[in-house]
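Enquirer: Residue numbering for the sequence shown follows the working numbering, starting at 1 and increasing by one per position.
Questions regarding the structure given below will be posed in turn.
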Amino acid sequence: MPRERRCRRYTAKRRGRIERIHLPMSESIKNVIVGTAGHIDHGKSTLIEALTGTHPDRLEEEKRRGITIDLGFAFLEEGGVRFGFVDVPGHERFVKNMLAGTSGIDSLLLVIAADEAIKPQTREHFDICRLLGVQRGVVALTKSDLVDADSVELVKLEIEEFVKGSFLEGAPILAVSAKTGAGIPDLKRALLGAARETASRQTQRYFRLPIDRSFAVKGFGTVVTGTLISGQVAVGEQVELLPQNTKLRVRGLQTGGKAVEQAGAGQRTAVNLVGIEHTAIARGMVIVAPGRFGKTRRVDAQLDLLNGAPPLKHRAQVHFHVGTAETIAEVLLYSESGNGSSPKAVGKAGPALQPGNRSFVQFQLAEEIVVGRGDRFIVRRASPATTIGGGEVLDPLAKRPSKKDSGRVRFLNTLAAGSRVEILQAMVERNVLGIGMAEIVPRTGWSETEVHAAAQNLVKTGAIHVVNEEPLLLLAEPLFEEVWRRLLARVDSFHRENPLLPGIAREDLRSSLGRRVRAETFRAALEDLIKRNKLAVQGEWVKNPGAEISLTPEEAKAKEQIERAFAGTGLAVPSVKEVLAQLAIESRRAEKILQILLRDKVLVRVSPELIFHRDALARLPGILQGYKKTRGDRIGVPAFKELTGITRKYAIPLLEYLDRQRLTRRMGDERVIL
Ligand SMILES: Nc1nc2c(ncn2[C@@H]2O[C@H](COP(=O)(O)OP(=O)(O)O)[C@@H](O)[C@H]2O)c(=O)[nH]1
Ligand SMILES: [Mg+2]
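Listed below in structure tokens is the structure:
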């Protein structure tokens, strides 16, 4: 079929597709998640209270010790923006908790005490925010009431130097005091300014919420909370808990402390779930739109090693943090040397990754987690526990590295910098079996609509072939055409080798392709070839459209002789062997001609040794009915022999044949004529 026609058909069928899309959220309010960062005791939690009226420390131990251990949350609605604040612990022992909170933030509130200035966790938290790709924020110079104006100016200079060249370069640095309230209104204004520049989160993508807390609420049951990072969710919907693969129903939703019918990306969200104990859910798990995300133990990524970090060796062990999850991972370094396509990540160690450098890597994870393409992650060293780098997930469902896969680095480059169309093409081309929607969506994070649009584009350029539309299955066009060629060649050779057979059995044709071709691909290619009149189907046989069985004159004569031999003897048929032996042609060809007669049902095989002519068998019902009328419906073997004039050797198989044909039914030694 011409290419244009194929792609028009694809477009036409796509019309009228229905996807589960939520209506846009009715209010025009913008949701922005702000995360704190900074050294312990620099006044982060107190500042959140000064801004929102809510003290974010909620654990008994936090209140008693006066330090933040885990994440805290507070809300503020101001100037058309709904702020969700995530307060993080500053203590170096709780960086792990800090990471879980920081992964979902849109904007940073970097807190630095005027009396202490920049301290170790100021640096580490700031590094983490840079590596997580946070785009904007403000700096609050807290405890300004404790120092004089000159000191404030000095610390400001120090901070300007510190953030130079980062996303915070040029961001407001505001002296505030939670104690006197000085500077708090200015800080709110600065936060609003940053919020206005924040891009709205992707509500059109599929729903995902990494869980940071799970608890029980009296009268409601299990509630989980987290920052809703993409898509939307509504009360009554079904969601999937990963990595467990448990389907659960959403009974209720809260955002900003209020019950809502629907929550969207960029909101701190509490989800009341039906059908699970809160103790079965832990931080690091996610709830997602069913079937749209996959759990993984292998992630291909781009890793940036921090300047101050030690060199990272091939197969080094690290802590891998993404979303609210954390797991131990082994790092395989992909080499970009030479032609840029040899994976070092196979076997032998190469040079270590140097501080300040970037590399493609594979993380082999100790535990299954859920990540999406484009997710930012952080890598920490086990001891001493420090942040050494971070980066971006390129392939969340990466395959095991292999020596044979020489195109991996090129593929990762495409994933890092290519357009959607380029990425889809590369993905399809790297899958000899083809790739389906069920794999494309979790690996790319695109919506089905986006996948279809990119696929249509590639069908037009002739790069890929739509093997199946629903569910979508794509195969590289050259591979599909290869299947065509192989089918045509196989049918051709079959005809050549079996001139007396009408064609090759469908199943034999299918298995000639081997296991590297899916059943769907075989079906689609065969269908195409039939439509294009390159092949034809006759019953279970696939053949060349023009192919007819052509007999030589001797073969035609032999065919007549065989038929006559059986037709002329009624039910007292000759032995097959004898008939074939009398023919002038060789036995193998004679056997084939016999097969043709059997296939055309001129002859009927009644038992392995006995063959009858169809005319002889056609007379039997009449004979039996005549017997039934005069002598009753029972007939024994001797009576049957007498009636048909054949010996016991023939009578028994013939009666069994009649039983199978339901003309008679066996009862003890006799038959009932039906
Ligand atoms: N004088 C003064 N003390 C403050 C200010 N902000 C916080 N503090 C105190 O600093 C201590 C640590 O504050 P906290 O908010 O727990 O710090 P965090 O560890 O960064 O969350 C507490 O005793 C606060 O009362 C401020 O603006 N002025
Ligand atoms: Mg605190």
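We put the beta carbon where it would ideally sit given N, CA and C, even for glycine.
Source: prediction; values computed, not measured.
Around ligand 2, what residues have a beta-carbon under 5 Å from a heavy atom of it, in chain order?
Expert: LYS44, SER45, THR68
Enquirer: Any heavy atom of ligand 1 closer than 7 Å to the beta-carbon of GLY35?
Expert: Checking every heavy atom of ligand 1 against the Cβ of GLY35, none is found closer than 7 Å.
Enquirer: Using the C-alpha atoms, what's the distance from ASP669 back to ARG634?
Expert: Approximately 10 Å, taken between the alpha carbons.
Enquirer: Which residue or residues does DSSP assign as beta-bridge partners of ILE635?
Expert: ILE635 pairs with ARG671.
Enquirer: What does DSSP give as the partner residues of LYS295 in its beta bridges?
Expert: VAL370
Enquirer: Considering only heavy atoms of ligand 1, does any lie closer than 7 Å to the CB of ILE40?
Expert: yes
Enquirer: Where do the N-terminal and C-terminal ends of the alpha helix (DSSP H) with ASP186 fall, by residue?
Expert: 184-197
Enquirer: Taking just the CA atoms, how far does VAL361 sit from GLU330?
Expert: 10 Å
Enquirer: Can you confirm whether the region 186-195 touches the region 59-68 when touching is taken to mean that 3 or more C-beta pairs between the two stretches lie within less than 8 Å?
Expert: Contact fails between the region 59-68 and the region 186-195, because fewer than three Cβ pairs, one in each stretch, are under 8 Å apart.
Enquirer: Roughly how many whole angstroms lie between the Cα atoms of ASP70 and ALA325?
Expert: 14 Å
Enquirer: Taking just the CA atoms, how far does ALA114 sit from LEU157?
Expert: Cα to Cα, LEU157 sits roughly 12 Å from ALA114.
Enquirer: To the nearest angstrom, how far is it from the Cα of GLU169 to the Cα of GLU197?
Expert: Taking the straight line from one Cα to the other gives about 15 Å.
Enquirer: Apply the 10 Å Cβ neighbour rule to LEU59 and answer buried if 16 or more other Cβ atoms are within range, or exposed otherwise.
Expert: exposed
Enquirer: Please find out if some non-hydrogen atom of ligand 1 comes closer than 7 Å to the beta-carbon of LEU99.
Expert: no
Enquirer: What residue range is occupied by the uninterrupted alpha helix (DSSP H) comprising ILE593?
Expert: 587-599
Enquirer: Just the Cα atoms here: how many angstroms apart are ASP150 and ILE173?
Expert: Approximately 15 Å, taken between the alpha carbons.
Enquirer: Just verifying my parser: in three-state terms, what is the DSSP assignment at SER177?
Expert: coil
Enquirer: If you compare alpha carbons, which of ARG443, PHE220, PRO442, LEU475 is closest to ALA455?
Expert: For ALA455, the nearest C-alpha among the options comes from LEU475.
Enquirer: Using a Cβ-Cβ cut-off of 7 Å (strictly less than) and excluding sequence neighbours within five positions of ARG506, which residues of its own chain qualify?
Expert: GLU540, VAL542
Enquirer: Express the C-alpha separation of ARG380 and LEU51 in angstroms, rounding to a whole number.
Expert: Straight through space, the alpha carbons of ARG380 and LEU51 are spaced by roughly 32 Å.
Enquirer: If you compare alpha carbons, which of LEU500, ARG490, GLU520, THR521 is closest to ASP508?
Expert: Looking only at LEU500, ARG490, GLU520, THR521, the smallest Cα-Cα distance to ASP508 is reached by ARG490.
Enquirer: Just curious, the alpha helix (DSSP H) that TRP446 is in, first and last residue?
Expert: Careful: TRP446 lies outside any alpha helix (DSSP H) and carries neither H nor E.
Enquirer: Please indicate yes or no: does the CB of SER177 lie closer than 7 Å to some heavy atom of ligand 1?
Expert: Yes.
Enquirer: Quick one: using the 10 Å Cβ neighbour count with 16 as the cut-off for buried, is GLU642 buried or exposed?
Expert: Taking all protein chains shown into account, GLU642 has fewer than 16 neighbouring C-beta atoms within 10 Å of its C-beta and is therefore exposed.
Enquirer: Alpha carbon to alpha carbon, how far is SER342 from ALA352?
Expert: Low confidence applies here, because SER342 scores a pLDDT of 45, under 50, leaving its location unreliable; read the following figure in that light. Across the structure, SER342 and ALA352 are spaced so that their CA atoms are roughly 16 Å apart.
Enquirer: If we ignore side chains and look at the alpha-carbon of each, how far apart do PRO355 and LEU332 end up?
Expert: 16 Å
Enquirer: State yes or no: is the C-beta of THR102 within less than 8 Å of the C-beta of ALA37?
Expert: yes
Enquirer: Let's see if you can read the secondary structure: which residues bound the alpha helix (DSSP H) around ASN97?
Expert: 95-102
Enquirer: Identify whether PRO210 lies in helix, strand or coil by the three-state DSSP scheme.
Expert: Correct three-state label for PRO210: strand.
Enquirer: Quick one: Cα of PHE126 to Cα of PRO120, how far?
Expert: 10 Å
Enquirer: Who pairs with MET285 in a beta bridge, going by DSSP?
Expert: ARG283
Enquirer: Mapping DSSP to helix, strand and coil, what is PRO343?
Expert: With a pLDDT of 47 at PRO343, under the threshold of 50, the predicted position of this residue should be treated as unreliable, though the coordinate-derived value follows. DSSP places PRO343 in the coil class of the three-state scheme, outside both helix and strand.
Enquirer: Which first and last residues belong to the beta strand (DSSP E) in which ARG376 is found?
Expert: 376-381
Enquirer: Taking the C-alpha atoms as reference points, what is the distance between ILE423 and THR54?
Expert: 46 Å
Enquirer: Can at least three beta-carbon pairs, one atom from the region 491-505 and one from the region 577-586, be found at a separation below 8 Å?
Expert: no
Enquirer: Please go through the same chain and pick out, in chain order, the residues whose beta-carbon is closer than 7 Å to the beta-carbon of ARG5, but skip the five residues on each side of it.
Expert: Here the model assigns ARG5 a pLDDT of 46, short of 50, so the residue's position is not dependable, and the following value carries that caveat. The answer is none, since no qualifying residue turns up.
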